[in-house]
Amino acid sequence: MDRYAVIGNPIAHSKSPLIHRLFAEQTGQALSYEALLAPLDDFAGTLRGFLVAGRGVNVTVPFKEQAWALADAHTAAAERAGAVNTIAVQGDGTLLGDNTDGRGLARDLRFNSGVQLRGSRILLLGAGGASRGVIQPLLAARPDQLCIVNRTVEKAEQLAMMFNDLGPVSAAGLHWVEESVDLIINATSASLGGEVPAISPKLIRRGHTVCYDMMYASEPTPFNRWAAAHGAARCIDGLGMLVEQAAEAFELWRGVRPDTAPVLAALRQS
Ligand code: NDP
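Numbering follows my numbering, with no gaps: position 32 of the sequence shown is 77.
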């Protein structure tokens, strides 16, 4: 049976093993998928050890940039992002690195949530690994503007420069923007610590602005609670993105596209 895994630190609460088990059952693929905790100072050792027999891995916080450096080749999405969340072992034993986070977010926004990206004004909060991975697919959807806002403004400026050949992308500090936008995407890790990035509530136009937190939890996240309190039209969490990016990885490994809707419904219920 082909073996796959997700590697991260921490990893105990990962939903990826459940998602891939449901995909495998649905598509009749014989595979196993486990969660592996890598020591913070030895991701490479954990990856190499697993891939002696394994066919592929997902990579999560905080190893996506290391995974990029360890891959022998990259898909166009991973090349741009500088971060890898999916590795597939090729026929000749080399490692192909992909980044499926961006495609996962774009699919979740469009197909699961019906959010219109074309012609919209988008504010992307955060300039870390997750943010890097989603800029290209967001710009590919032809928004009117994409403003990257980050606590450390230099990192946002760097990202805007890296991607400005692909569309209208700009950078700002947390307090700088006060004009309302159509969509705010929280790609910071602030929710993990129960915090909300210090942005102006004026960014939300009551009853219009959609807010999306890449984090997910059984309760509404701190960012989504803040957004609802300031009148956001809708507040969406990152569970759909998680399932969609997993489906992209599954297709890369197995050549079969799983149906994400029943898996997302099962996760929401559990
Ligand atoms: P990184 O550690 O690479 O980046 C963290 C970002 O958050 C930085 O921009 C940092 O700003 C910012 N930040 C952290 N704390 C605060 C705060 N208190 N106020 C304002 N900004 C803050 O993390 P990732 O980019 O890898 O992940 C970000 C989030 O996205 C995580 O919650 C992760 O779980 C989620 N995610 C969800 C996915 C899904 O499928 N649903 C997929 C990928 C990620 P600064 O640069 O100033 O330090």
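Virtual Cβ for every residue (Gly too), placed ideally from N, Cα, C.
*How is the beta strand (DSSP E) around D47 delimited, first residue to last?*
Translated into the one-based positions of the sequence shown, residue 47 becomes position 2. Its beta strand (DSSP E) spans residues D47 to G53.
*asked:* Run through the DSSP bridge pairs and tell me what H119 is partnered with.
replied: As a first step, residue 119 is located in the sequence shown; it is residue number 74 there, counting from the start. Looking at the DSSP assignment, H119 forms a beta bridge with G142.
*Would the beta-carbon of S59 fall within 8 angstroms of that of A80?*
In the sequence shown, residue 59 corresponds to position 14, counting from 1. In the sequence shown, residue 80 corresponds to position 35, counting from 1. The Cβ atoms of S59 and A80 sit closer than 8 angstroms to each other.
*Please go through the same chain and pick out, in chain order, the residues whose beta-carbon is closer than 6 angstroms to the beta-carbon of G218, but skip the five residues on each side of it.*
In the sequence shown, the residue the question calls residue 218 occupies position 173. Correct list, in chain order: V198.
*Determine the direct distance from the alpha carbon of Q74 to that of K247, and round the result to whole angstroms.*
Locating residue 247 in the sequence shown gives position 202, where the first residue counts as 1. Locating residue 74 in the sequence shown gives position 29, where the first residue counts as 1. Using only the alpha carbons, I get a separation of about 49 angstroms.
*Check whether the Cβ atoms of L162 and P188 sit closer than 8 angstroms, and answer yes or no.*
Position 117 of the sequence shown, counted from the first residue, corresponds to residue 162. Position 143 of the sequence shown, counted from the first residue, corresponds to residue 188. Contact: yes.
*Does the ligand NDP have a heavy atom nearer than 7 angstroms to the CB of D143?*
By one-based count along the sequence shown, residue 143 stands at place 98. Not under cutoff, so the answer is no.
_Given the structure, does K247 come close to the ligand NDP, in the sense that its CB is under 7 angstroms from one of the ligand's heavy atoms?_
Indexing the sequence shown from 1 puts residue 247 at position 202. K247: no, Cβ never under 7 angstroms from the ligand NDP.
_Reduced DSSP secondary structure (H/G/I, E/B, other) of I167_ = One-based indexing of the sequence shown puts residue 167 at position 122. Here I167 sits in strand by DSSP.
*Which term fits R93, buried or exposed, when burial requires 16 or more other beta carbons within 10 angstroms of its beta carbon?*
Your numbering for residue 93 matches position 48 in the sequence shown. R93 comes out exposed.
*Is any heavy atom in the ligand NDP found nearer than 7 angstroms to the beta carbon of Q32?*
Because the chain here runs from 46 to 315, residue 32 falls outside it and cannot be looked at.
*asked:* Runs of 3 residues minimum, wholly inside the segment 262-299: which ones carry the beta strand (DSSP E) assignment?
replied: The segment 262-299 is shown to contain whole beta strand (DSSP E) runs of 3 or more residues at 279-282, in chain order.
*Identify whether T254 lies in helix, strand or coil by the three-state DSSP scheme.*
Within the sequence shown, numbered from 1, the residue matching residue 254 stands at position 209. Three-state result, T254: coil.
*Which class does Q190 belong to by DSSP, given the choice of helix, strand or coil?*
Within the sequence shown, numbered from 1, the residue matching residue 190 stands at position 145. Annotated three-state conformation of Q190 is strand, per DSSP.
*Contacts around P267, its chain only, beta-carbon distance under 6 angstroms, and the 5 residues preceding and following it disregarded*: Locating residue 267 in the sequence shown gives position 222, counting from the first residue. So the list reads S236, G239 and V241, once near-sequence residues are dropped.
*asked:* Which residue wins for smallest C-alpha separation from V106, given the options S234, D282, V288 and V134?
replied: Reading the sequence shown from its first residue, position 61 is the one you call residue 106. With distances taken between Cα atoms, V106 lies closest to S234.
*Hey, is Q290 close to the ligand NDP, as in C-beta under 7 angstroms from one of its heavy atoms?*
Taking the sequence shown and counting its residues from 1, one reaches residue 290 at position 245. Yes, the Cβ of Q290 comes within 7 angstroms of a heavy atom of the ligand NDP.
*Rounded to a whole number of angstroms, what is the C-alpha to C-alpha distance between N209 and N54?*
On the sequence shown, residue 209 is found 164 positions in, with the first residue counted as 1. On the sequence shown, residue 54 is found 9 positions in, with the first residue counted as 1. When rounded, the distance between both Cα atoms is 32 angstroms.
*Answer with buried or exposed for A50, where buried requires no fewer than 16 other C-beta atoms within 10 angstroms of its C-beta.*
Position 5 of the sequence shown holds residue 50. Answer is buried; the Cβ neighbour count reaches 16.
_Quick check on N130: does DSSP put it in helix, strand or coil?_
On the sequence shown, residue 130 is found 85 positions in, with the first residue counted as 1. DSSP places N130 in coil when its eight states are reduced to three.
*Sub-8 angstroms separation of L170 and I229 beta-carbons*: Here residue 170 refers to the residue found at position 125 when the sequence shown is read from its first residue. Here residue 229 refers to the residue found at position 184 when the sequence shown is read from its first residue. Cβ atoms of L170 and I229: closer than 8 angstroms.
_Closer than 7 angstroms to a non-hydrogen atom of the ligand NDP - does that hold for the CB of S59?_
Against the sequence shown, residue 59 aligns to sequence position 14. Proximity of the beta carbon of S59 to the ligand NDP is not indicated: no heavy atom of the ligand is located closer than 7 angstroms.
*Through-space distance from W221 to G300, alpha-carbon basis*: The residue labelled residue 300 in the question sits at position 255 within the sequence shown. The residue labelled residue 221 in the question sits at position 176 within the sequence shown. Rounded to whole angstroms, G300 to W221 spans 45 angstroms at the Cα level.
*Starting from S61, trace the alpha helix (DSSP H) both ways and give me its first and last residue.*
If you number the sequence shown from 1, residue 61 lands on position 16. If you look at S61, you'll find it in the alpha helix (DSSP H) that goes S61 to T72.
*Distance, Q290 Cα to G283 Cα*: Here residue 283 refers to the residue found at position 238 of the sequence shown. Here residue 290 refers to the residue found at position 245 of the sequence shown. Rounded to whole angstroms, G283 and Q290 show a C-alpha spacing of 11 angstroms.
*If you measure from the beta carbon of A175 to each beta carbon in chain B, is any gap under 8 angstroms?*
No chain B is part of this structure, which consists of one protein chain only.
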